[in-house]
Each structure stands twice: as C-alpha cells, then as structure tokens.
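Residue numbers (the working numbering), protein chains in the order written: chain F, 930 to 1241; chain U, 930 to 1241. Each residue gets a CB set at the ideal place from its N, CA and C atoms; glycine is no exception. Inspection log for the structure reproduced underneath, given as structure tokens.
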C-alpha cells in the first residue's frame, strides 16, 4: 500500500443534476475514503458532461433574455464554473466521510486550466457530448436555432457535442504538487480542465471540453502516480461486449489491451478513451499500472481482487 | 518590505459582468503584481455581489423552465460557482501579468467554505445586496413572485438582499496555508466564502452571502498577515463625507477610527464594513495594520504615500 493514485471519476460518481450529485458524492466519498484509509495518497479528477451542459444552457438563456446586461459566457468559463459546482460538493462529502472515520485530512479543489493545441484536429470535428439527452426533435431545433453540433449517443438519445482536443499541459500543476506534498487530498482537472490555448503570454479559453480520462492520465504522469484508477459503471473491461461470448478482462498486458483496442473491441466515446488513457499511462514509465473498474469496487480492485488491471 | 498582505478586492476590481470582468482583472492584476514584485507575500480575496446574483438568476430561470430536469440550485452552490467564475479570470490575468514581468510564481484559486453561526441574527434580517440594480417596479415584482427581500441601495436603484452572517471559521484554511508556505499566490474566500453551518460532521450550505471585508479580515488573522489591504473605489476614508468640510483620513489610530465609526461617520453596507474589518484586524494583535485605498493606489499606499492607514 502507500501507493500514489490518480482517481478518475466518471458520470456515475456525480449524477446528472444537483439532487443526484448530492446523493452520488456520498457513495463516491466512501469509495475514495477506503483508499485513503488504506494508506493511499489520492488525487481526484472527474468528468463534467451533464454539469457543463446545464451551466452553459442556463448562461445562454440568461444572455438571450437580456444580452446587454449579460454577455454570452464562453464554454471555457462554464467549465470553470462546473469545477466549483462539483468540487464544492465532492470536497465537502469527502471531508465529512474522512472525519467520520477519524481522519483529519484537508480536502480541496484547485481550479485547473489545461493547455490544448489550437491546431488540434478535434476543433474541426466536435465529438464530446455535453448536457442532457434530448429527443431527435429537440436536437434538430438546437442545430437550427444555435448552430450547435449534435450526435445520437449510444442509443440513449441525442446530445450536443463540442470539440475535445488532447490535453498538452496542466497550468496549475505546481499547485497540485504543493498540496500533494503537504499531504492533502486534491480535486483537480475537473471536467478535463478548463481548455486554454497559449497566445504569447496569454491563455485564451477554448470552445472545447477535454476528455477527463486523457486529462487524468496526464495528471497521473505529472504527479508521478503509481496507479491510474479509472472508475466507471462496469466492474471489468470486456471484449466481444454484449455478445453471447463476452469475455471480461482481468490482468492484461499493455500489448494485449492495445491489440484488442486496435481490433475495434471498445466503443469510441465510452470504453475506448478509458482504455487509451490506461495504455498511455502504463507505457509512460516502467512499473506504472492502470485499473478500470466500478466505483464501488475501487478498494477491492486496488487490492487485486477485481477490475481490469493493465500493465500487470 | 516582504510583508504578508491579504488584499480584499471590491466590486470595482472585477466589474459587473463578464466583459467588464475581463477588462477589470487586467488593471487589478497590475496593482497586485506591483505588490508581489516589491517582495510582498500576497493572498487575495474578493467580493461577488453582481456575479452571484447573475448566477442565481440564471439557475433560477433554468429551474423554472424545467423543474424536473433541473432542481433549484441553492445560493451556497451559486457562491461556489462564483468563486471559479471570478477566480479563473483573476488567476489567469495575474499569472500573465507576473509572467510579463519575468516572475514565475504559481497563482491558484481555492474553493473555500466558511462556517457561520446558524443563530446569527442576520438570518432574520437580510441586508446584503446581490445581483444587478433594478427599477422599483422590477423589485416589487421580484418580491411578489419569489418572496425575495429587496432594498433601495445608496440611491443607485433597487437590489435583492440576502442574509450576511459573520464568518466564524475558514474550513479550507490548511490548504491556503500550505500554498502560502510553498510561495504561491492564493485566491481564496471568494465572495466571502461559501457560507455553511456545522450540523454534526456535516456542513450544510446556508442561504447567505458573507461580507467579503469581514471574511478577508478573518483570513488575514488566520494566515498571520501583517497588513489587511482593502481596495475600493476611493483613495482615502473620509469623515463628513460629501459635505463642504469633508476631511480625508490619512494615518489614524484604531481608537480614533473607532470613535468616528461610533459617531455614524460611515455608511452601512458601504464604508462601514470596511472600517469595521480594519478595526477588527488592528485590534487582533499588536503591530497589525490595515489600509483602505483605491485599487490603483495599492503599491503607493503600502509604501506609505497615500491611503488611510489604520493602526499606524
């Protein structure tokens, strides 16, 4: 034990609205407190798809109601707001869970910007779903009225999509490291970080949402983590997913998982970015491992009892 | 020099909407960078009146448009969102200003909760203005439709008001101290901090906005600052304000300023909380000073060339 772990939380760890979030962060905090109690040094990152979509919708509607008083709020600022909307509840729930176990460890949220390349090809091809699911009619209206890009998402309905460039550099990395060195539990890179592009000394907000798994991976490299723990809704990564001969993966080498990914075994926008993030991390330095498992199984997976362990 | 300073930024340092904010934070960053460049150790706090009002309005309207999908967002969560809405722009502008001067100092924003007493008398008597100015007709409609409390604010129009309890404890103080020890520039206690009340181990969000001057004062005590620098729209505190024999105050003792305050020289909700915060700080420990001055005069005031210096 005593591992340094970056925990990447998926949508199920946070819920889709504030009522769900306030319930979800309790379960999430128990899972994370288990890791801390067992001696792990934990840094937390998380997604923000439904949250940033909700915030952008609210800010767009306010702007449209009175455009003089309320200028349009760029997506980057909405990502910033989602970091405290989520971080406040999460840090509070985790602080409470730790206190209940007699662990007096500060928990904090760092507002984090992440540089992206303005030439990233994703800017020409929006693909990251944000906000709630819509009917096809609602989606078509959004395209017609606001010129938004939309996609049909995994059979669950339609969603707005935005560009999702690769994370290049975490601007506030020294802040995260200082807090980690001080023994604090840090929530950082929320929603994949606030996407910015470097323009001279200026960092300009980008109209994008960075994939939280890729950003968590970069974070794990930058804080020299031993383990990237990607928590999601399934206990193990599967090949032949949903077919009669579906096979759950337990311990896999980087090479094996790479072959499955190349063979198209994992769904883009769903399991594929998690697998790719895991592969990047295990390749980044010898001895680094990644685990993909269900939120509630975090401590069991870290203790080698379940989950898909990559780079074992 | 080499002083430890808590800088409390007023509304003029941030503007009333995002367009104004993006311009204002540049001027603000120059003033703060002057202090850092001269060797001071700076911690920044700020108000959020217009910003939290804007966020609450947007979230209320979203809730009213679809209450099932979007539960009502409590004021405490809106305060949290205002911390990153402002902190992101401010940390970014200050990072850029410092980089332009060749100072590579990390700047960060800490999402900060502040405990208040649930029995604080202010809960029965809302007095803190938030949001934009309204006409009397708009204000009366808000009272009728939403049961909001409103006041006529300093001859400038009507505003919504909320409770403004006294800050009791800064929950994330250890995070602020760790970053300060690491030589970083910290933005904390934004908007007076997210107001919470202790209920067992749980911290419940409170329907309130803490006065940013009182919260900055508590912060200054807790980080053992030498100086509380309250930046506002006037260069010096005045007695007989607006009268033919108006007199600007330069160096005053705690006792002198206390006498002026007791004589009703300062406007409640405007100069009075700044004066009271300054008095609390200079009384908290021998040798502590407070300065109230105009944003653009910060470095001159710290160097003894202007401003109202309390506890001199």
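With a threshold of 7 Å between beta carbons, residue 1147 of chain F makes no contact with chain U. The shortest CA-to-CA distance from residue 1100 of chain U to any of U:1147, U:950, U:1188 is the one to U:1147. For residue 1239 of chain F, there is no enclosing alpha helix (DSSP H); the residue is found in the beta strand (DSSP E) stretching over 1237-1239.
Looking from the CA of residue 967 of chain F, the closest CA among F:1162, F:1229, F:1012 belongs to F:1229. Put simply, the segment 1213-1232 of chain U touches the segment 933-942 of chain U. At least three CB pairs are less than 8 Å apart. Distance from residue 1152 of chain F to residue 1212 of chain F at the Cβ level is roughly 17 Å; contact not present, criterion being Cβ atoms closer than 8 Å.
If you draw a 10 Å sphere on the C-beta of residue 1064 of chain U, you find fewer than 16 other C-beta atoms in it, and that means exposed. The three-state reading of DSSP puts residue 1218 of chain U in strand, counting E and B together. Of the candidates F:1068, F:1048, F:1059, F:1059 places its Cα closest to the Cα of residue 1120 of chain F. Taking C-beta atoms as the reference points, residue 1029 of chain U and residue 1132 of chain F fail to come closer than 7 Å. Taking C-beta atoms as the reference points, residue 976 of chain F and residue 1136 of chain F fail to come closer than 7 Å.
Here residue 1203 of chain U is buried. Its C-beta has 16 or more other C-beta atoms within 10 Å. When the beta-carbon positions are compared, residue 1168 of chain F and residue 1207 of chain F stay at least 7 Å from each other. Using a Cβ-Cβ distance cut-off of 8 Å, the segment 950-969 of chain F and the segment 1028-1042 of chain F are in contact, since at least three pairs of beta carbons, one from each stretch, lie closer than that value. In this structure, DSSP gives residue 1127 of chain F an extended state, which the three-state scheme calls strand. Collapsing the DSSP output to three states places residue 976 of chain U in coil. If the five residues before and after residue 1236 of chain U are omitted, its C-beta is found closer than 7 Å to the C-beta atoms of 1164, 1165, 1220, 1221, 1222, 1226, 1230, all from its own chain and listed in chain order. The straight-line gap separating the alpha-carbon atoms of residue 1193 of chain F and residue 1217 of chain F is approximately 24 Å.
Spatial neighbours of residue 1085 of chain F in its own chain (CB-CB distance under 8 Å, excluding positions within 5 residues in sequence) are listed in chain order as 1062. By the neighbour-count definition (other C-beta atoms within 10 Å, threshold 16), residue 1054 of chain F is an exposed residue. Neighbours of residue 1013 of chain F in chain U, taken as residues whose beta carbon is under 7 Å from its own, are 1009, 1010, 1012, 1013, 1040 in chain order.
In the three-state reduction of the DSSP assignment, residue 1196 of chain U falls in the coil class, being assigned neither a helical nor a strand state. Residue state for residue 1104 of chain F is assigned as helix, using DSSP reduced to three classes.
With a cut-off of 8 Å on Cβ pairs, the segment 978-992 of chain F is in contact with the segment 1003-1020 of chain F, counting three or more such pairs.
Around the beta-carbon of residue 1041 of chain F, 16 or more other beta-carbon atoms lie within 10 Å, marking it buried. Scanning U:1118, U:1070, U:1076 for the CA closest to the CA of residue 1039 of chain U turns up U:1118. Distances from the CA of residue 1034 of chain U to each of U:1109, U:1172, U:1183 were compared; the closest alpha carbon is that of U:1109.
Here residue 1159 of chain F is bridged, per DSSP, to F:937, F:1221. At least one C-beta of chain F is nearer than 7 Å to the C-beta of residue 991 of chain U.
According to the DSSP assignment, residue 955 of chain F belongs to the alpha helix (DSSP H) that extends over 947-966.
Taking a Cβ-Cβ cut-off of 8 Å, the neighbours of residue 998 of chain U in chain F comprise 946, 1061, given in sequence order. One Cα belongs to residue 999 of chain U, the other to residue 1051 of chain U, and the distance between them is close to 30 Å. With contacts defined by Cβ atoms closer than 7 Å, residue 1139 of chain F and residue 1043 of chain F form a contacting pair. Contact of residue 1130 of chain F with chain U by beta-carbon distance below 7 Å involves 1025, 1028, 1029.
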